[in-house]
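Residue numbers for the sequence shown follow UniProt numbering, beginning at 1 and rising by one.
The structure appears below as structure tokens.
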Amino acid sequence: MSAVRAEISGIMLPTVFPSLDHALPVLWDQVRRRPIREAHRDFIRLCIGPGGGDGVAHCLARGGRWSVTLYIGDMTDWTAHPITITTHPAP
């Protein structure tokens, strides 16, 4: 897979990585340190966590984009942070 651009709105600025395999650990590191409800964390882990990424790679191969919204906080006080990964042309 080619280079990818990944960001977490309000948490991690858009960054270009040489591959999805380089981007996923950085994204997961940003997510796992946040106060996220367990069920939502499990879903995000399946997408971008260790051993994940197959679905993301499939979406990038088909449409060049994958995104999901990360909800940080508890049930009554949370903020939404879209996680976006797109293919990026190699320099």
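Don't be surprised by glycine CBs; every beta carbon is placed ideally from N, CA and C.
This structure is a prediction, so every number in the text was calculated from the model and none was measured.
query: Local Cβ density within 10 Å of H58, reported as buried at 16 or more and exposed below that; result: exposed
query: Delimiting residues of the beta strand (DSSP E) encompassing P50; result: Per DSSP, P50 belongs to no beta strand (DSSP E) and is neither H nor E.
query: Element boundaries [beta strand (DSSP E), containing A6]; result: V4 to I8
query: Distance, L20 Cα to R5 Cα; result: 9 Å
query: CB-CB length for S83 against A23, believed under 8 Å; result: Checking the sequence, you will find Ile at residue 83 rather than Ser. That pair is no contact at about 10 Å.
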